[in-house]
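Working notes, beginning with the structure itself.
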Amino acid sequence: MSKSQSKSKVVAKCRSCGSVFVSEQLSDGTIRPIGVSADCTCGDGAFDRLS
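Residue numbering for the sequence shown is -12 to 38, as defined by the numbering used here.
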C-alpha cells in the first residue's frame, strides 16, 4: 500500500456470515478488517460498511 493512500477506520460486516469487524476503508473503497487476514474468518472477503 502506498503511504499516500488515505484510509479511515470503519465498522464493516461480512456479506457471507454477518461477522462484524473494525476495519480500514482505503481511498479506493476497499474494506479490510483489522487484526485478521484480508478475508473474514469464514473465508469470504466481501464486506459492507455499517453506518
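Glycine is no exception: its CB is placed at the ideal position from the N, C-alpha and C atoms.
About 4 Å separates the beta carbon of Ser3 from that of Asp31, a gap short enough to meet the 8 Å contact definition. Secondary structure of Leu13 (DSSP, three-state): strand. Comparing alpha-carbon positions, the option among Lys(-6), Cys29, Gly16 and Glu11 lying closest to Gly22 turns out to be Glu11.
Excluding its 5 nearest sequence neighbours in each direction, Thr28 has C-beta neighbours in its own chain below 7 Å: Ser6, listed in chain order.
With a threshold of 16 other beta carbon atoms within 10 Å, Ala(-1) meets it and is buried.
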